[in-house]
Every structure is written in C-alpha cells, then in structure tokens.
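What follows is one structure encoded as structure tokens, with my remarks underneath.
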Amino acid sequence: MLGIENIWLFIISGFLLNMMPGPDSLLIAGRAASQGFKAGSAAALGIGSGTLIHVFAAAFGLSAIMATSATAFTVVKMLGGLYLIYMAVTMLAGSMKNTNEHRANLPPQPAKTSLMKIYSQGFVTNVFNPKVAIFFLAFVPQFISDTSENKALAFIVLGLIFNLNGMIWCHFIAWASSLISHKLSVSDSAQKWLTRLSASLFGFFGIKLLMSTQD
C-alpha cells in the first residue's frame, strides 16, 4: 500500500528509537515526577505536535533545506540549544528560590507550571531540534519503494505511525515517572537535587545541540 515496505520492521525500529533517552524523555519524566501524569502527558503531546511538524516538513521537502543549508541548520540548532539552556537556568533558579525560602523559615513554594506552558516546552524542544528533521529524512525513506506513486503520502503515513508509537512510549514514561514519584514521596531536599540534576542534563543537551553538525 502506497509503496510502503517492511512495515513491521519499521514499527519495531520506531519503538526502539523512541526508547532512546534524550531531552524529550527527560522533559516528560521530570514534569510527571514533579507534577503528576497530566503534566507528563502535556509534555508528551507537545513533543508529538513538534514531531508532526517535522513529518510534514520532511514529506514536502522543507527539511531537505535544513539538511543541505548550513545557515538554516545553524539557526535552528542555535534556537533549540539556547532554549534548552534557558530551561536549565530557569529550573536552577527555581531550585535556589525554594532553598532560600527554606533557610528563611518560609514554607517552600514549589512552582507549578501550567499544562499549556508544559505543552509549549515539549513542542519547542522538539521542533527546534534539527537532528529530528534530518533523522526523518534519513530513516523513513528506507521503507518507501522507489516505485511508489505518492512518496509524500507514504512518508506522512509512516511518520504518523512513528509518532503514534512515540506517544505510547512517552505516556508510559509519564505514567511510570508519576507512579514512582508518588510511591517514593520524595523529600524536599531530594526533590531539590533531582531538579538540579534535571537542569544539568538539560544544559548538557543544550550544549550538545549547539555543538552538533549536520553529519
């Protein structure tokens, strides 16, 4: 159908690729652990929306511009990397604020981020990662026959399947992270250090993205 080949191999490969850790899964796990499953789900849906942008862009050739243009690639990776670093700094600042309130004998006020903002964070972290665009250009065409009469439609179908697989895995991460956090009843001190660890990882992924190349 549509010239799609080895569909089950594509599905299995998609699941395995979605399971690889990165800033997307870190965001989902962090939000779910701190604010529950709904927050993790909001992050996952934002990431899924960003993935759809990459799928349609790649299907209609827009991502090819990013893959071949050094300027376009650099602009997108700068935006994505700087945003991840901004998130890291924001999380660290929030952690320090809670620590100062505790030292001043004030009850710590954990910042509850709105679900819409969490959704936006997931969307931005995904859509401004040029490596995702290049991944779709490199991975998906392997499962489309050269004789396909509508390669763009076949690409979109495969992209939607990949995204559905991703949403299943991402929501599993959200559920598991929320459940583990609830059962452990993480203390304020442990939560502070978990936040700082997450912030450090976001900073690492941001710097890694800034240093990335098109290869």
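Going left to right, the sequence shown walks through residues 2 to 216 as our numbering numbers them.
In this text, a Cβ means the ideal position worked out from N, Cα and C, and glycines have one as well.
All of these numbers come straight from a predicted model, not from anything done at the bench.
From residue i to residue j, what distance separates their C-alpha atoms?
i    : j    : result
A71  : T214 : 9 Å
A94  : L28  : 17 Å
V128 : I54  : 7 Å
S50  : N130 : 13 Å
I48  : T69  : 24 Å
W176 : N166 : 16 Å
I66  : V76  : 12 Å
L138 : L159 : 12 Å
I248 : I119 : One cannot answer for residue 248 here, as it falls past the ends of the chain, which runs 2 to 216.
L63  : G4   : 22 Å
F124 : L154 : 23 Å
L161 : T52  : 9 Å
E150 : F156 : 12 Å
R197 : M92  : 7 Å
F38  : L46  : 12 Å
M212 : L80  : 12 Å
G204 : D147 : 41 Å
S14  : N7   : 11 Å
A133 : L210 : As written in the sequence, residue 133 is Val, which differs from the Ala given in the question. Using only the alpha carbons, I get a separation of about 11 Å.
Q122 : F144 : 31 Å
S178 : I12  : 24 Å
S182 : K152 : 44 Å
L83  : F163 : 27 Å
Which residues share a DSSP beta bridge with residue i?
i  : result
I5 : I145
The alpha helix (DSSP H) that contains residue i, what's its start and end?
i    : result
K39  : F38 to A60
M117 : L116 to V128
P131 : P131 to F140
Figure out for me which residue from the options has the closest Cα to the Cα of residue i.
i    : options                   : result
A40  : S115, F16 and A89         : S115
I169 : S35, Q122 and S42         : S42
L202 : I13, D25, I5 and I12      : D25
P142 : A34, A60, Q36 and I12     : A60
R32  : L180, F206, M212 and L211 : L180
M21  : L198, I174, L210 and K209 : I174
A44  : T126, L18, F74 and L83    : T126
F206 : H172, A89, M117 and F16   : A89
H172 : F16, F140 and W9          : F16
M73  : I135, M117, K152 and S178 : Note that residue 73 corresponds to Ala in the displayed sequence, not to Met. Nearest C-alpha to A73: I135.
T19  : S182, I208 and F140       : For the sequence presented, residue 19 should be read as Asn rather than Thr. Closest option to N19, Cα to Cα, is F140.
A200 : L10, A30 and W9           : A30
Q36  : K113, V56 and L10         : K113
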